[in-house]
Every structure is written in C-alpha cells, then in structure tokens.
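Visitor:
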Ligand code: PHE
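Residue numbers (the working numbering): 3 to 482.
1) Using alpha carbons as the reference points, say which of 451, 228, 393, 277 lies closest to residue 195.
2) Short check: CB of residue 108 to CB of residue 357, under 9 Å?
3) Please name the residue, chosen from 393, 330, 170, that lies closest to residue 361 on a Cα-to-Cα basis.
4) According to DSSP, simplified to helix, strand and coil, what is residue 215?
5) Taking its Cβ as the centre, do 16 or more other Cβ atoms sit within 10 Å of residue 481, making it buried, or is it exposed?
6) Could you please give the first and the last residue of the uninterrupted alpha helix (DSSP H) stretch that includes residue 6?
7) Please classify residue 377: does DSSP put it in a helix, a strand, or coil?
8) Please classify residue 246: is it buried, with 16 or more other beta-carbons within 10 angstroms of its beta-carbon, or exposed?
9) Among the candidates 124, 20, 15, 9, whose CA atom is the shortest distance from the CA of residue 501?
10) If we count the other Cβ atoms within 10 Å of its Cβ and call it buried at 16 or more, is residue 184 buried or exposed?
11) Is there at least one non-hydrogen atom of the ligand PHE closer than 8 Å to the beta-carbon of residue 224?
12) Which class does residue 73 belong to by DSSP, given the choice of helix, strand or coil?
13) Going by the beta-carbon positions, is the gap between residue 407 and residue 389 smaller than 9 Å?
14) When the Cα atoms are used, what is the spatial distance from residue 84 to residue 52?
15) Buried or exposed: which applies to residue 232, given that a residue is buried once 16 or more other Cβ atoms fall within 10 Å of its Cβ?
16) Regarding residue 486 and the ligand PHE, is the C-beta to nearest heavy atom distance less than 8 Å?
17) Expressed to the nearest angstrom, what Euclidean distance is found between the alpha-carbon atoms of residue 479 and residue 458?
18) Helix, strand or coil: which one does DSSP assign to residue 282?
19) Within 8 Å: the Cβ of residue 111 and any heavy atom of the ligand PHE?
20) Secondary structure at residue 395, three-state DSSP: helix, strand or coil?
21) Does at least one heavy atom of the ligand PHE sit under 8 Å from the Cβ of residue 249?
22) So residue 269 and residue 33 are supposed to be a Cβ contact under 8 Å. How far apart are they, rounded?
23) Please state whether DSSP places residue 208 in a helix, a strand or coil.
24) For residue 385, which of helix, strand or coil comes out of DSSP?
25) Mapping the DSSP letters down to three states, classify residue 481 as helix, strand or coil.
26) Tell me whether residue 441 is buried or exposed, calling it buried when 16 or more other Cβ atoms sit within 10 Å of its Cβ.
27) If we call anything under 9 Å between Cβ atoms a contact, is residue 24 one with residue 252?
28) On a Cα-Cα basis, can you pick out the residue from 143, 173, 93 that is closest to residue 324?
29) At which residues does the alpha helix (DSSP H) containing residue 366 begin and terminate?
30) Got a sec? Which residues, its chain only, sit under 7 Å from residue 152 by beta carbon, not counting five neighbours each side?
31) For residue 3 and residue 9, what's the separation of their Cα atoms in angstroms?
32) Excluding the 5 residues flanking residue 284 on each side, which residues of the same chain have their C-beta closer than 6 Å to its C-beta?
33) In this structure, how does DSSP classify residue 128 when only helix, strand and coil are distinguished?
34) Flag residue 106 as yes when its Cβ comes closer than 8 Å to any non-hydrogen atom of the ligand PHE, and as no otherwise.
35) Reducing DSSP to helix, strand and coil, say where residue 83 ends up.
36) Straight-line CA distance for residue 12 to residue 171?
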C-alpha cells in the first residue's frame, strides 16, 4: 500500500513552486544573451508572442494531464489511456529531464563559484579586459567545476528529500519572493547609471523589420519551450500535486507572468549597465560570466550588486533543478515503489555522473588536465560541437519540441479534447470557461503548425543565410 499522495498547500504554493521551476538559468542567463544576439526588442516581442500562443496552451495541457491522473509523468499516461503506448511519451520526458539536469547543474555550479569569487573579490582585482580569459581558465579547471557541480546537486537533493510540501513548497515560498526582490533592487540601482536609457531603448524600441527575421522567430520559440519548461512532463508532475478545486487557468497565467516578468527584469538589470559601460550586448553565453563581472568591477557598489546578482542566479537555478529532480523521483516513487530518500539520492548521483562529461567539455586536454574534452568535437552541419553542445541542443531543440508535440497529440488523439476541457474547467467559475475555446483553437491549429516549423528547423530541413534569409538545406533540394 502506497503512502497518500502529497498535495500543495494551496494555489499560491503551486504557483510559486511552478514559477520556481520555470524561472531559472533560462531567464537570467540565456534570455538576456539571446536577446543580445538577436537584436534586443525584436527578440523580446516575438518571444512574448510565442509564450502566449504556444507556451501557455502547452502548460495547460501538462497541468490538466497531471491533475486529472494524480500520477507521475509516466503513470499519468497509463491512467488516462490504459493499454496504449502513450506512456512512452512520459519515458521520453524523464530521460530528457535527466539529461537537462546533468548539464544544468554544471552551469549552476559556475554561478556558485562566481558567488564565491564576488565575496573574495577575485575578479575585482583583474583588468576588465581579462574577464573572458579568467572565465576560460576557471571552466578549464574541471576539478573545480566538478566540485561546484557536486555541491549544487547536493543542495537539490537536500531540498527534494524533504518532499513536496516540506521540501519544494517550503523553499519555493522563501526563495521566489527573495529572487524577485533582489532583481528589482538591481533594476532600480542600474536605472541611475549614466547612459542607462540606451539599454531600455535596446530592449523595447521596436524595429519591426528586424523582428520579422525567421532566425529570430526560431530562437524565440525554442527559448519559450525551455524557459517555461514545457515538453518533458515536469508540469505534469507538479500538476499532479494539485487539488481539483484549484483554478488551472489562473495558475498558468500567473506562472507565465512570473516567468516572463523575471526574464524582462533580468534584461532590465543587465542591458542598461552593459550600454552604460559601452560594452557589447551580443557577447553570447559569456554575457553573464564575462561582461557582467567587468561591470561589477567598475561600478560603484559593484561588489554588493554582483553578490546579489549571482545569488539570485543560483536561487533561480536551484528552484528549477529541483523540479527536474522531482520529475524522476516522482516516477521512481509512483511506478517503482521506491522510497523518496533512496530515489532522490539515486537521481542526484546519476545526474552528477552524467554531468561530468559536460564539465569536461570546457577544458582543453593538457598535461595538467588530461581528461579535458573541449577539443573532442563532432561535426554537425558544418559546426563543431562539444559534448555539452550536443546534449544542450539535443534536449532544447529536439527532445522538448518533440515531447511537446506528443503531449498535444495525446490530448487530441489519445485522451480526447472534450475530456481534457471538462477536467481543465474543474475548479473554475464560468467566467474563465471562455478561455477553453481559445485553448482548443490554439491546440488544434496554431500549436501544431508552430511545432512542425520548429522541428523541421531542428532536424536541419531548412536554415538561414548570413542575412537571416531562409534557405532550404540540400536534403530538400536547396543550395546551402
Ligand atoms: N525553465 C527552466 C529555466 O528556464 C529550465 C527547465 C527546463 C526546468 C525544463 C524544468 C524543465 O531555467
């Protein structure tokens, strides 16, 4: 006989925990650098549209599956469609979750290291131009990065062992408001920097011509998936701890507002400072770890602001990573009858081991660091990819969109849209029900078209030339 299923303390707890899952490295690390690379305002606008027409409906799909079935990501499909193979969708989700968790923890470990470096002011003593080299030397030292990766994974395990209410809910209720407050504080601080307005202009002054480029659309679409955390059963799992009397529509709206809000706040914290210091917004993944330290070094109160920033980044990462751990832990508890403690430790160890090659991917092999894998790359469509590049791109660009497509197909063809709508409307007053019509419309038409587009791109069926113009790849008869 299994123990009674735990539930969230209420809708607020559910929203905070799910916002914690959604708000993560994707918002504070990835969103600003993608916006920086893709022309700022153009990317922001398209991203917002993608979240609305695409992320929100998918989020509701996962919530309703989980809440109705009251089971983990695999078991939910078994309950709702017995004697079919739909449960394989859940298995894909669990595997995707494990892979994301493994590399996520490595990058989150970097943020822990930068908290330490801000406290000891290690980068504050360097020349601003040396920040990139300094970051490179740190990531090349894999003993150190693996140590931080282990510390981060240990933190996640410690929280998830506590369970849904006393672990995940307890910490989300403390950490999420703290995260908002910290980011708001930085946004207020940088507002007074000279020339900050150019950062706002970069983020919000719309240049429609740039916005319409297809590569911007594809990047925004992929980011919407990753940032909301849809397509891998994470929200099925969190939804399964929800009670029937809670309103799924308003919960999803709040999670979306929190997720988008934090991404924008991160942009508002970073770009005014970047422009004020005359630095480049398009520096890519190094934006947070190379460009920002240079700013903190040069800014009055920079050590303090830097500390707040990296602590906020680590908080965002922890509340996301615990949701990835919980997806697999819930599966092991519900389907394999394992105890929570044992399941959590097992997941932590597995994700840690799987993350080791990612940590090695940033280190060139040298006599001092003989296991470095930076140069062990594979060629894919003309690009040289490290182990980290492969797992990161494979999960974000292929596994999540494929998972999302399968979840939508399950609602349409496996479970039935009518059933889904009936369950979605439970716990809502009639005023909310007109949204069901929109949800069904988006699911039947808009979402499938957008998903097919992303997948065709991810599988390399078409690409973009240097000016952002579309080209068909040779498989489809186009000249590359
Ligand atoms: N949404 C998280 C982020 O933006 C990452 C994540 C992906 C969490 C998938 C759960 C599931 O960082």
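Cβ atoms here follow ideal geometry from the backbone N, Cα and C, with glycine treated the same way.
Guide: This is what the structure holds:
1) 277
2) yes
3) 393
4) coil
5) The predicted position of residue 481 is uncertain, since its pLDDT is 43 and thus under 50; a value taken from the coordinates is nonetheless stated next. Residue 481 comes out exposed.
6) Here residue 6 belongs to no alpha helix (DSSP H), and DSSP marks it neither H nor E.
7) coil
8) exposed
9) With the chain running from 3 to 482 in the structure shown, residue 501 is simply not present.
10) buried
11) no
12) coil
13) no
14) 33 Å
15) buried
16) Here the chain has residues from 3 to 482 only, and residue 486 is not among them.
17) For residue 479, the predicted model reports a pLDDT of 48, less than 50, meaning its position is unreliable; a value from the coordinates is still stated below. When rounded, the distance between both Cα atoms is 15 Å.
18) coil
19) no
20) helix
21) no
22) 7 Å
23) coil
24) strand
25) Reliability of the predicted coordinates at residue 481 is poor, the pLDDT of 43 falling under 50, and the value obtained from them is presented with this limitation in mind. Of the three classes helix, strand and coil, the one that applies to residue 481 here is coil, per DSSP.
26) buried
27) no
28) 173
29) Per DSSP, residue 366 belongs to no alpha helix (DSSP H) and is neither H nor E.
30) 354
31) A caution first: residue 3 carries a pLDDT of 43, below 50, which makes its placement in the model unreliable, though a value can still be read off. Rounded to the nearest angstrom, the two C-alpha atoms are 18 Å apart.
32) 38, 39
33) coil
34) yes
35) coil
36) 10 Å
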